[in-house]
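Novice: Taken in order, these protein sequences are the chains called A and B. Going by this note's numbering, the letters in the first sequence line up with residues 13 to 347, in that order. Going by this note's numbering, the letters in the second sequence line up with residues 13 to 347, in that order. Please see the structure below; I have some questions.
Number of protein chains: 2
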Amino acid sequence: MSTVKLSLSDAYDLALECLLHNGCNRENAEAVAGRMIQAEADRCYSHGLFRMPWYVSGVKSGRVNGHASPTVERLAPGVLRMDGDGGYAPLGHRVGQAPLMACAREQGIAALAYVNMFHIAALWPETEALAEEGFCAFAFTGSYPYVAPAGGKSPLFGTNPMGFAWPRKDRPPLVFDQASAAMARGEIQIAARDGHSVPETAGIGPDGETTTDPNVVLKGAQLGFGGYKGASLAMMIELLAGPLIGEFLSIESQQDDGGLKGPPKGGELILALDPARFGAPDEYLERGERLFHAVLDQEGTRLPGDRRHASRAETRHSGIELPARLHREIQDLMA
Amino acid sequence: MSTVKLSLSDAYDLALECLLHNGCNRENAEAVAGRMIQAEADRCYSHGLFRMPWYVSGVKSGRVNGHASPTVERLAPGVLRMDGDGGYAPLGHRVGQAPLMACAREQGIAALAYVNMFHIAALWPETEALAEEGFCAFAFTGSYPYVAPAGGKSPLFGTNPMGFAWPRKDRPPLVFDQASAAMARGEIQIAARDGHSVPETAGIGPDGETTTDPNVVLKGAQLGFGGYKGASLAMMIELLAGPLIGEFLSIESQQDDGGLKGPPKGGELILALDPARFGAPDEYLERGERLFHAVLDQEGTRLPGDRRHASRAETRHSGIELPARLHREIQDLMA
């Protein structure tokens, strides 16, 4: 595969320019480009520049507001709500972080309900950002219906990731961000494209039978990880990112899209806890490290996020390699 | 198996009397007996009268305080801490519920950190109780080290359950309470006793190899459900029920037990959200029902907790059947 080498800053400029040329104002373009390049830097390609054509099409179709101006409202002493004004999530995240942190510092625990935003994407950036400032954070979001309920055959829940972050002493936070589905949607699509099989736990066909054929899974339904327990988590996340905050269920989000297959519109719930207010302000970091050391003392283990951090350390110097075809596609979007 | 039939109220009286005879004051005995019979009524036997000899031994050994007087302190506007005074968890739960609800109503979201309690047990009773009063609730707790970290071979995390509850319209709340481990500890022990095999996903032997022999798993380590994702949840729960609130990790809890194999001492974190304060007070119940209907519209599905509710409806009239041996054992504890 032919690739184009770009420094992170050149990649950012490319993304920024493309978004500015395609209906985003500077504030929105900067937030989206920043998030994309953050994903590239961590080698989470499925959230990186790969998304550009899709992001651009969302704005061009008129569905997504490239000039969104998100606003925060305080619904209760510990609850904030941000209306994303129909824009992409990254600007909402950027605007929402400071008020959420202030609220959590004041209250000990605070929630931020994001509504009216498009494509929440990976949850590690916003949870990691909170943990870098010392908070313990959760994030929950839905998407389109891909995952069957336990015992069922038809897609109903989103792949519904949950993110969690914990601050560490003199190190980047511990962060995980995992779908409730056994396998990421993108991985199944890639297996289908490349003619590979998928594990039997990944999904079922339209007949409800397990299969290792990714094409059959894509026509049927994905399954929750670990069977019914992952499906329970998917249901919980539907409730938190939908009904609780007055936003779409994944099935409603798909209806709203009306067959365009554009970025999903929906909600996200973030919880931030200030560990200094939970009764052990002098111990929590130390005790957390004790746990992490006990994990790493066992051969064959690593902590969630270790690979991302290693990638980040490398790409800071090496820059990234973009498939030449994608690079051209992005340039064509500016022609 | 020979059994003894008891009405729920007779079963409660039996439990109460046994605890009163064995070092618990009335307040503690009532709370523990109530929780045990609630489990019997829902046919969650592993949290029912089966536990009585173990509970009694905990008090008799002097480890557990049968006269505990739990106290609540407010650490921040949205954070409460309850010191369980070294007693069993049910009294702490009973005392903590009202202040937690008041705090969540006032703040929109509130946390209650339980510390210095023994044997947190199932998490559905306390989360269900909150959802019955209209709250959305989470609970997290550790135990003793049984589960290996992802890629590791040795037990480190507890089976670490997470409970979640959501209020429903004119129905009992939706509640799930699931271990991060692929299989409950008790199920593996029962398989070992009865000479049955366990699924390959349940655990590994001391050599780190998967096995279907429950005896080998008991010598080795259990695994998280769905592999590394369940292990991530187990780690999250260790952090929330331990370091965050100044309580033991599961490995520390085992050290503290000093080989007695008595009830584990530790912490529990509960979060309560008032859905009326999250921006959609008139919609959240309806939207939740829409999701549940979509689940139940699919053949072969049921909602988490359905079996417990069905059992509860039955045992209210039928009472319970206690193994005669257990009944005798409990009576012997009062001789």
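For glycine and all other residues, C-beta sits at the position ideal for the given N, C-alpha and C.
1. Counting contacts by CB-CB distance shorter than 8 Å, is residue 120 of chain B in contact with chain A?
2. I'd like to check one pair, residue 102 of chain A with residue 349 of chain A: are the Cβ atoms closer than 8 Å?
3. Taking 8 Å as the CB-CB cut-off, is residue 244 of chain A touching chain B?
4. Counting along the chain, where does the beta strand (DSSP E) carrying residue 15 of chain A start and finish?
5. Starting from the beta carbon of residue 26 of chain A, find every residue of chain B whose beta carbon is closer than 7 Å, and list them in chain order.
6. Could you tell me the distance, in whole angstroms, from the CA atom of residue 200 of chain B to the CA atom of residue 70 of chain A?
7. Going along the chain, which unbroken runs of the beta strand (DSSP E) with 3 or more residues stay wholly within the segment 269-309 of chain A?
8. In chain B, which residues lie less than 9 Å from residue 310 of chain A when you measure between Cβ atoms?
9. Got a sec? Which residues, its chain only, sit under 8 Å from residue 239 of chain B by beta carbon, not counting five neighbours each side?
10. With H, G and I counted as helix, E and B as strand and the rest as coil, what does DSSP make of residue 75 of chain A?
11. If you measure from the beta carbon of residue 241 of chain A to each beta carbon in chain B, is any gap under 8 Å?
12. Alpha carbon to alpha carbon, what distance is there between residue 159 of chain A and residue 234 of chain A?
13. Hey, how far is the Cα of residue 105 of chain B from the Cα of residue 194 of chain B?
14. Note down the Cα distance separating residue 22 of chain A from residue 96 of chain A, rounded to an integer number of angstroms.
15. Under a Cβ-count criterion, where at least 16 other Cβ atoms within 10 Å of its own Cβ denotes burial, should residue 319 of chain B be classed as buried or exposed?
16. Residue 94 of chain B and residue 107 of chain B look like a contact to me (Cβ under 8 Å); what is the Cβ gap, rounded to whole Å?
17. Using the C-alpha atoms, what's the distance from residue 285 of chain A back to residue 228 of chain A?
18. Quick check on residue 332 of chain B: does DSSP put it in helix, strand or coil?
19. Which residues share a DSSP beta bridge with residue 136 of chain B?
20. Following the continuous beta strand (DSSP E) through residue 219 of chain B, name the residue where it begins and the one where it ends.
21. Give a yes or no on whether 8 Å exceeds the smallest Cβ distance from residue 313 of chain A to chain C.
22. Consult DSSP for residue 184 of chain A and reduce its assignment to one of helix, strand or coil.
23. Which whole runs of the beta strand (DSSP E) in the segment 33-102 of chain B are 3 residues long or more, in chain order?
24. For residue 327 of chain A, which three-state DSSP category applies?
25. Going by beta-carbon coordinates alone, are residue 50 of chain A and residue 166 of chain B separated by less than 8 Å?
26. What are the residues that DSSP puts in a beta bridge with residue 121 of chain A?
27. Given this structure, state the Cα-to-Cα distance separating residue 8 of chain B from residue 170 of chain B, to the nearest angstrom.
28. Quick one: is the Cβ of residue 212 of chain A within less than 7 Å of any heavy atom of the ligand SAM?
29. Cα separation between residue 224 of chain B and residue 335 of chain B?
30. Return the residue from the list A:281, A:79, A:222 and A:148 that minimises the CA-CA distance to residue 172 of chain A.
31. The alpha helix (DSSP H) with residue 203 of chain A in it runs from where to where?
32. Ends of the beta strand (DSSP E) at residue 149 of chain A?
33. Do residue 333 of chain A and residue 15 of chain A have their C-beta atoms within less than 8 Å of each other?
34. Between which two residues does the alpha helix (DSSP H) containing residue 251 of chain A stretch?
35. Once you ignore the five residues that flank residue 85 of chain A on each side, which residues in its own chain have a CB closer than 6 Å to its CB?
36. Using Cβ-Cβ distances below 9 Å, what residues of the segment 210-237 of chain B are close to chain A?
Specialist: Checking against the coordinates, here is how it stands:
1. yes
2. With chain A running from 13 to 347 in the structure shown, residue 349 of chain A is simply not present.
3. yes
4. Residues 15-18.
5. The contacting residues do not exist; residue 26 of chain A stays about 34 Å from chain B at best.
6. 51 Å
7. 277-285
8. 160, 161, 163, 164, 165, 166 and 168
9. 162 and 213
10. coil
11. yes
12. 4 Å
13. 27 Å
14. 28 Å
15. Looking at its Cβ environment, which holds fewer than 16 other Cβ atoms inside 10 Å, residue 319 of chain B is exposed.
16. 7 Å
17. 42 Å
18. strand
19. BP columns for residue 136 of chain B are empty, so no partner.
20. Premise fails: residue 219 of chain B is in no beta strand (DSSP E) and is neither H nor E.
21. Given the protein chain composition of this structure (A and B), no chain C is represented.
22. Three-state result, residue 184 of chain A: strand.
23. 83-88 and 91-100
24. helix
25. For residue 50 of chain A and residue 166 of chain B, no; Cβs fall outside 8 Å.
26. DSSP lists A:285 as partners of residue 121 of chain A.
27. Residue 8 of chain B lies beyond the range of chain B shown here (13 to 347); nothing can be said about it.
28. Here there are no bound small molecules, and the ligand SAM is not part of this structure.
29. 29 Å
30. A:281
31. Boundaries of the alpha helix (DSSP H) harbouring residue 203 of chain A: 197-206, taken from the DSSP string.
32. For residue 149 of chain A, the uninterrupted beta strand (DSSP E) run begins and ends at 148-153, by DSSP.
33. Yes. Within cutoff.
34. 240-253
35. Cβ contact annotation for residue 85 of chain A (same chain, cutoff 6 Å, sequence separation greater than five): 93, in chain order.
36. Listed in sequence order: 213, 220, 236 and 237.
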